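*Asks:* Just so you know, we're using my numbering here: the sequence shown kicks off at 503 and counts up by one. Let me give you the structure first, and then I'll get to my questions.
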Amino acid sequence: MPVKIKKELAFRRVGEELFVVDAAKARLHELNGSAALVWDGLAGGKSESAIAAALAEEFEVDRPTALADAKEFISELRAAGLVEEK
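So this is what it looks like as structure tokens:
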């Protein structure tokens, strides 16, 4: 099911990493380069498939692996309460 980033979150890029602040839960999340690419894709309204294509190109992995990784990370974002259903 498509998701979007929750509006109440603040985020800032520092180098290749992305920091996400969930003030309501007083939590700071640090995302590495590949996770930040997924986050940016979600922020841009891209589909899982489009995000996987970007991952495959950027990190030189095959498309099925990239899609599985994107889905897994999106599930982690959902579990952390950082995204919601569109």
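Where is the CB? At the ideal position from N, CA and C, for every residue including glycine. These numbers come from a predicted model, not from an experiment.
Report all residues from its chain with a CB closer than 7 Å to the CB of F575; omit the five preceding and five following residues, and keep chain order.
*Replies:* Excluding sequence neighbours, F575 sits near A537 and V540.
*Asks:* Bridge partners for E587 per DSSP, in chain order?
*Replies:* In the DSSP output, where bridge partners are listed per residue, E587 has V505.
*Asks:* Between which two residues does the alpha helix (DSSP H) harbouring E574 extend?
*Replies:* E574 -> alpha helix (DSSP H) spans R565 to A581.
*Asks:* Tell me, to the nearest whole angstrom, how far the beta carbon of L584 is from that of L511; I am working on the premise that it is less than 8 Å.
*Replies:* Confirmed, about 6 Å.
*Asks:* With DSSP run on the structure shown, which of helix, strand or coil describes L557?
*Replies:* Residue state, collapsed to three classes: helix.
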